[in-house]
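In the numbering used here, the protein residues as written are 2 to 136. Backbone N, C-alpha and C define an ideal beta-carbon position, used for all residues, glycine too. Since the structure is predicted, the reported quantities are computational estimates derived from the model, not experimental observations. To start, the structure under review is shown below, and the notes come after it.
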């Protein structure tokens with residue numbers, strides 16, 4: 002039988018926090034910076050939209066003056082398309098200079114609506130006494 006030996010103190014010293022690893026690796030650091038930027042922009046975009054739409058939108062990409070939003074449905078995209086000038090002006094007021102807004106429909110991408118409630122189960126009971134009475 003081979004028992005695993007407990008980790009020595011030198012093994013514990015070799016462990017590094019994930020945050021440190023992410024900041025030291027250039028690729029991971031770039032991905033992390035992009036995630037933070039998109040999360041911040043998503044919050045800003047949602048502030049400029051009605052609550053019913055805000056939960057169904059997230060920033061998918063930012064590239065040289067173009068903001069790409071991922072939306073949960075075509076109807077949401079249509080409403081946001083109508084609000085594009087107001088949204089771009091609102092972003093400009095907050096210091097984000099985007100000249101173009103693109104929309105990408107990705108079903109299930111943003112916050113899901115409330116799930117349909119399950120029907121209540123009928124209580125189960127023993128029908129034998131009723132059958133005896135029926136006879």
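key: Neighbourhood of residue 39 by C-beta, 6 Å cutoff - its chain only, sequence neighbours within 5 removed   = Closer than 6 Å at the Cβ level, and outside the excluded window around residue 39, lie 60.
request  = State yes or no: is the C-beta of residue 198 within less than 8 Å of the C-beta of residue 63?
outcome  = This structure cannot settle anything about residue 198, because the visible part of the chain is limited to 2 through 136.
task = Decide if residue 72 is buried, meaning its Cβ has at least 16 other Cβ atoms within 10 Å, or exposed.
result = The residue in question, residue 72, is buried, as its Cβ has 16 or more Cβ neighbours within 10 Å.
request  = Using three-state DSSP, classify residue 111 as helix, strand or coil.
outcome  = Unreliable placement is indicated for residue 111, whose pLDDT of 49 sits below 50; the coordinate value is still reported in the next sentence. It is coil, neither helix nor strand.
query = DSSP on residue 95, reduced to helix/strand/coil?
reply = Residue 95 sits in coil when the DSSP states are folded into three classes, being neither helix nor strand.
ask   = Does the stretch 92 to 106 come close enough to the stretch 66 to 83 to have 3 or more Cβ pairs within less than 8 Å?
value = Yes, they touch.
message = By the three-class DSSP mapping on this structure, what secondary structure does residue 104 have?
response = Correct three-state label for residue 104: strand.
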